[in-house]
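Protein chains in written order, with our numbering: chain H, 17 to 168; chain F, 17 to 168; chain U, 17 to 168; chain D, 17 to 168. The beta-carbon is built from N, C-alpha and C at its ideal position, and this holds for glycine as well.
Protein chains: 4
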Amino acid sequence: MTDIADAVSADAAQALAEAVGREMLAVDAASSGLGMRIVAIGPGFATLSMDVRDDMLNGFRICHGGYLTTLADSAFAFACNSRNALTVASSIGVDFVAPARAGDTLIAEAREVSLKGRTGVYDVTVRNAAGDTVAVLRGRSYRLQDRKVIAR
Amino acid sequence: MTDIADAVSADAAQALAEAVGREMLAVDAASSGLGMRIVAIGPGFATLSMDVRDDMLNGFRICHGGYLTTLADSAFAFACNSRNALTVASSIGVDFVAPARAGDTLIAEAREVSLKGRTGVYDVTVRNAAGDTVAVLRGRSYRLQDRKVIAR
Amino acid sequence: MTDIADAVSADAAQALAEAVGREMLAVDAASSGLGMRIVAIGPGFATLSMDVRDDMLNGFRICHGGYLTTLADSAFAFACNSRNALTVASSIGVDFVAPARAGDTLIAEAREVSLKGRTGVYDVTVRNAAGDTVAVLRGRSYRLQDRKVIAR
Amino acid sequence: MTDIADAVSADAAQALAEAVGREMLAVDAASSGLGMRIVAIGPGFATLSMDVRDDMLNGFRICHGGYLTTLADSAFAFACNSRNALTVASSIGVDFVAPARAGDTLIAEAREVSLKGRTGVYDVTVRNAAGDTVAVLRGRSYRLQDRKVIAR
Numbered sequence: 017m018t019d020i021a022d023a024v025s026a027d028a029a030q031a032l033a034e035a036v037g038r039e040m041l042a043v044d045a046a047s048s049g050l051g052m053r054i055v056a057i058g059p060g061f062a063t064l065s066m067d068v069r070d071d072m073l074n075g076f077r078i079c080h081g082g083y084l085t086t087l088a089d090s091a092f093a094f095a096c097n098s099r100n101a102l103t104v105a106s107s108i109g110v111d112f113v114a115p116a117r118a119g120d121t122l123i124a125e126a127r128e129v130s131l132k133g134r135t136g137v138y139d140v141t142v143r144n145a146a147g148d149t150v151a152v153l154r155g156r157s158y159r160l161q162d163r164k165v166i167a168r
Numbered sequence: 017m018t019d020i021a022d023a024v025s026a027d028a029a030q031a032l033a034e035a036v037g038r039e040m041l042a043v044d045a046a047s048s049g050l051g052m053r054i055v056a057i058g059p060g061f062a063t064l065s066m067d068v069r070d071d072m073l074n075g076f077r078i079c080h081g082g083y084l085t086t087l088a089d090s091a092f093a094f095a096c097n098s099r100n101a102l103t104v105a106s107s108i109g110v111d112f113v114a115p116a117r118a119g120d121t122l123i124a125e126a127r128e129v130s131l132k133g134r135t136g137v138y139d140v141t142v143r144n145a146a147g148d149t150v151a152v153l154r155g156r157s158y159r160l161q162d163r164k165v166i167a168r
Numbered sequence: 017m018t019d020i021a022d023a024v025s026a027d028a029a030q031a032l033a034e035a036v037g038r039e040m041l042a043v044d045a046a047s048s049g050l051g052m053r054i055v056a057i058g059p060g061f062a063t064l065s066m067d068v069r070d071d072m073l074n075g076f077r078i079c080h081g082g083y084l085t086t087l088a089d090s091a092f093a094f095a096c097n098s099r100n101a102l103t104v105a106s107s108i109g110v111d112f113v114a115p116a117r118a119g120d121t122l123i124a125e126a127r128e129v130s131l132k133g134r135t136g137v138y139d140v141t142v143r144n145a146a147g148d149t150v151a152v153l154r155g156r157s158y159r160l161q162d163r164k165v166i167a168r
Numbered sequence: 017m018t019d020i021a022d023a024v025s026a027d028a029a030q031a032l033a034e035a036v037g038r039e040m041l042a043v044d045a046a047s048s049g050l051g052m053r054i055v056a057i058g059p060g061f062a063t064l065s066m067d068v069r070d071d072m073l074n075g076f077r078i079c080h081g082g083y084l085t086t087l088a089d090s091a092f093a094f095a096c097n098s099r100n101a102l103t104v105a106s107s108i109g110v111d112f113v114a115p116a117r118a119g120d121t122l123i124a125e126a127r128e129v130s131l132k133g134r135t136g137v138y139d140v141t142v143r144n145a146a147g148d149t150v151a152v153l154r155g156r157s158y159r160l161q162d163r164k165v166i167a168r
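As structure tokens, then:
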């Protein structure tokens with residue numbers, strides 16, 4: 017007879033993830049300064065969006081790989097902190113597979129591949145509005161001991 | 017008896033790298049908008065610096081990994097284009113080993129590990145003013161066919 | 017009215033991938049020497065299996081990460097050569113997420129994430145017989161110019 | 017007046033690293049089965065060698081990337097366990113930059129890039145006897161809590 021308990025628990029986990037995401041974005045000057053929005057968030061996943069601005073372009077008039085990485089890395093950070101256990105990125109790998117241009121709206125979807133003890137692996141796919149993959153990131157996370165992201 | 021010819025050729029390669037760097041930075045809105053400066057550049061290497069601004073901080077009040085990556089990725093791009101053959105980053109890996117804080121001046125030093133045919137490998141070390149390593153990036157480059165960075 | 021033509025073409029691509037896989041394994045002393053078998057192969061994907069032998073164990077009595085990588089790297093190689101255009105691995109990243117033990121049958125499933133011009137990105141997941149993920153590999157491929165894997 | 021104490025301590029650390037290396041290799045069936053030898057080891061570094069055998073070749077008659085990785089990964093493991101704190105590889109990245117052939121003696125040199133708390137970053141360069149770089153590996157390590165490699 018755990019169905020109701022499970023549903024309550026799932027609802028609570030979802031509500032917690034949403035609260036963590038909201039409060040993280042509010043205090044994250046880098047992500048909010050780049051115009052990132054939370055499209056979806058839940059336990060172990062997060063989807064963020066960002067519009068490519070002129071000041072994000074490199075000399076080839078395409079979005080600088082660093083800004084693509086910043087978006088993907090934020091999605092990764094939101095996903096791995098979504099259970100309210102303070103977690104940092106220890107390393108990332110990024111493959112750039114197609115250019116993004118000024119005005120493009122990019123969507124970065126992060127999901128958990130593995131979470132064992134204090135280390136996790138997350139995959140992020142960055143797509144443009146047409147659904148083409150622009151970049152993929154794989155990140156490794158490290159949970160700090162006994163620290164929450166938000167107080168509750 | 018190629019000593020003078022070699023010296024002339026080395027001087028020309030150095031002058032070319034400096035010209036490429038100068039013109040790349042001039043048209044790279046992302047890098048110049050973040051206040052990056054060229055500290056040194058030559059055939060196969062580049063060193064850039066950047067000050068950590070308040071708008072680069074994440075919610076933990078440390079420099080967002082995306083901005084560390086942007087600096088390191090620019091140093092990588094300047095190094096792999098330094099011989100004036102148009103080259104793009106195909107993938108990067110970044111390890112974050114220490115936090116950077118507002119006001120820190122970061123120095124990113126990129127050097128060539130390997131260059132074979134159209135693909136190369138570059139290592140970048142990002143340090144703070146105290147000389148502590150903040151992040152290391154390893155990047156893979158791909159040279160486009162028969163295209164120059166600057167006309168000359 | 018391209019349905020029949022498409023089906024013929026898909027059948028031909030599938031038959032070609034199977035022939036490439038068969039002939040690759042026959043001449044690949046490393047993969048066949050480790051007892052790898054082809055479970056499935058087609059255009060852009062390949063699944064290989066391998067049993068963990070005693071001589072693959074490290075001092076912790078678990079499968080050496082190098083052997084996990086060898087299996088995953090072979091699956092990657094079979095996937096990226098499956099269209100009969102000679103292709104090499106230029107770099108890989110591997111995350112080790114759970115140990116494998118002597119006697120475990122490992123299954124490595126490789127699929128194409130991106131293929132643009134001469135460079136591709138492939139993801140490989142290595143699982144044990146219980147379906148637990150043991151390791152994930154992301155590989156970058158580079159197609160050599162105008163060379164086939166097998167003559168036909 | 018800590019000079020003598022420091023020298024004794026450095027000698028002890030060196031002797032410990034050598035003992036750890038010797039005992040690790042003795043119980044590591046994978047590494048010893050591939051003929052690996054310890055060329056040098058000390059606190060935070062290790063150099064291993066291996067001869068490329070016929071059974072390590074892939075269908076292109078060059079050393080399978082998995083075996084190059086196995087050698088590099090062993091050097092990484094020996095380096096990160098050299099202080100006798102039990103440590104595992106959590107992830108690796110490998111760039112393949114030149115082929116190795118049957119009969120080549122390969123030398124893998126691992127050194128510590130960073131060690132903070134329980135996580136470390138190590139760089140390994142694999143060269144052939146002519147000194148050409150064959151592959152580079154960057155590995156991330158994770159120290160297990162309060163466990164030694166060898167009893168002493």
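| query | V165 of chain F and N74 of chain F: beta carbons closer than 8 Å? | reply | For V165 of chain F and N74 of chain F, no; Cβs fall outside 8 Å.
| message | Counting only C-beta atoms, is I54 of chain D closer than 8 Å to chain U at any point? | response | With 8 Å as the cut-off, I54 of chain D does not count as an interface residue toward chain U.
| said: Classify I20 of chain H: buried if its beta carbon has 16 or more other beta carbons within 10 angstroms, exposed otherwise. | reply: When all chains shown are included, I20 of chain H counts as exposed.
| request: Note down, one range per segment and in chain order, each alpha helix (DSSP H) of at least 4 residues found wholly within the region 69-101 of chain D. | output: Considered as a whole, the region 69-101 of chain D harbours 81-96 as its complete alpha helix (DSSP H) runs of no fewer than 4 residues, in chain order.
| query | Going by C-alpha distance, which of D:T85, D:A28, D:V24 and D:I78 is nearest I123 of chain D? | reply | Closest option to I123 of chain D, judged by alpha-carbon separation, among D:T85, D:A28, D:V24 and D:I78: D:T85.
| field | Any chain F beta carbon closer than 8 Å to R77 of chain U | value | Any Cβ of chain F closer than 8 Å to the Cβ of R77 of chain U would place that residue at the interface, and such an atom is absent.
| At least one CB of chain D closer than 8 Å to the CB of Y83 of chain U: is that the case? | So, interface residue.
| Residues that R159 of chain H bridges to, as DSSP identifies them | Answer is H:T103.
| Does the beta-carbon distance from D169 of chain F to G51 of chain F come in below 8 Å? | For residue 169 of chain F there is no data in the structure shown, the boundaries of chain F being 17 and 168.
| query | Which residues in chain D sit within 8 Å of R156 of chain H, going by Cβ to Cβ distance? | reply | Those within 8 Å of R156 of chain H in chain D are S106, S107 and R156.
| query | Taking the alpha-carbon positions, what's the T135 of chain U to G109 of chain D distance? | reply | Near 18 Å, if we compare the C-alpha coordinates of G109 of chain D and T135 of chain U.
| query | Taking the alpha carbon of S47 of chain H as the point to measure from, which residue in F:C79, F:G147 and F:T149 has its own alpha carbon closest? | reply | The shortest Cα separation from S47 of chain H among F:C79, F:G147 and F:T149 belongs to F:C79.
| For V137 of chain D and chain F, any beta-carbon pair shorter than 8 Å? | So, interface residue.
| said: Alpha carbons only, please: which of F:Q30, F:A116 and F:R163 is nearest the one belonging to L102 of chain F? | reply: Here the closest residue by C-alpha is F:R163.
| field | Three-state class that DSSP yields for M52 of chain D in the structure shown | value | When secondary structure is reduced to three states using DSSP, M52 of chain D falls in the coil class, being assigned neither helix nor strand.
| query | Which residues in chain U sit within 8 Å of T149 of chain H, going by Cβ to Cβ distance? | reply | Listed along chain U, the residues sitting closer than 8 Å to T149 of chain H by beta-carbon distance are V129 and S130.
| For L41 of chain H, which beta-bridge partners are listed by DSSP? | Residue pairing by DSSP places L41 of chain H opposite no residue, since no beta bridge is assigned to it.
| G136 of chain D - containing beta strand (DSSP E), residue span | Start and end: T135 to R143.
| Close Cβ partners of V129 of chain U (< 7 Å) along its chain, the five nearest in sequence each way excluded | Cβ within range, chain order: V137, Y138 and D139.
| query | Can you find a C-beta in chain U that's less than 8 Å from the C-beta of D11 of chain H? | reply | Beyond the ends of chain H as shown, which are 17 and 168, falls residue 11 of chain H; an answer cannot be given.
| query | Would you say D89 of chain H faces chain U, with C-beta separation under 8 Å as the test? | reply | Answer no: the Cβ-Cβ gap between D89 of chain H and chain U never drops below 8 Å.
| query | Who pairs with K132 of chain U in a beta bridge, going by DSSP? | reply | For K132 of chain U, the beta-bridge partners assigned by DSSP are U:T135.
| Run of the beta strand (DSSP E) containing D148 of chain H, from where it starts to where it stops | Boundaries for D148 of chain H: no beta strand (DSSP E) harbours it, and the DSSP string shows neither H nor E there.
| said: By DSSP's criteria, D67 of chain U is part of a beta bridge. Which residues make up the other side? | reply: According to DSSP, D67 of chain U bridges with U:T121.
| query | L53 of chain H and R154 of chain U: beta carbons closer than 8 Å? | reply | Residue 53 of chain H is actually Arg in this sequence, not Leu. Taking 8 Å as the cut-off, the beta carbon of R53 of chain H is found no closer than this to the beta carbon of R154 of chain U.
| query | Would you say V142 of chain U reaches chain H, if we count a Cβ-Cβ gap shorter than 8 Å as a contact? | reply | Chain H contact via Cβ: absent.
| Residue(s) in a DSSP beta bridge with D111 of chain F | Beta-bridge partners assigned by DSSP to D111 of chain F: H:S107 and F:V152.
| task | Could you tell me whether any Cβ in chain A is nearer than 8 Å to the Cβ of S47 of chain H? | result | Looking for chain A here will not work: the only protein chains present are H, F, U and D.
| said: Helix, strand or coil, according to DSSP, for A46 of chain F in the structure here? | reply: The answer is helix: DSSP assigns A46 of chain F an H, G or I state.
| said: For T63 of chain D, which residues in the same chain have their Cβ closer than 8 Å to its Cβ, ignoring the five residues on either side in sequence? | reply: Correct list, in chain order: I54, V55, A56, I57, A91, I123, A124, E125 and A126.
| Amino acids of chain D, ordered along the chain, whose beta-carbon sits closer than 8 Å to that of D70 of chain U | Neighbours of D70 of chain U in chain D, taken as residues at a C-beta separation under 8 Å, are given in chain order as A45.
| query | Considering only C-alpha positions, which residue in the set F:Q161, F:A42, F:V36 and F:A88 is nearest to D71 of chain H? | reply | Residue F:A42 is the option with its Cα nearest to D71 of chain H.
| field | As assigned by DSSP and simplified to three states, the class of V166 of chain U | value | Looking at the sequence shown, residue 166 of chain U is not Val but Ile. Secondary structure at I166 of chain U: coil, using DSSP grouped into helix, strand and coil.
| Going straight from the alpha carbon of A146 of chain D to that of G133 of chain F, what length do you get? | Their Cα atoms are separated by approximately 20 Å.
| query | Thinking C-alpha only, which one of D:R77, D:S65 and D:R69 is nearest D89 of chain D? | reply | The option with the nearest alpha carbon to D89 of chain D is D:S65.
| field | Top-ranked residue by Cα proximity to N144 of chain U, from U:A118, U:R156, U:R168 and U:L131 | value | Out of U:A118, U:R156, U:R168 and U:L131, U:A118 has the C-alpha closest to the C-alpha of N144 of chain U.
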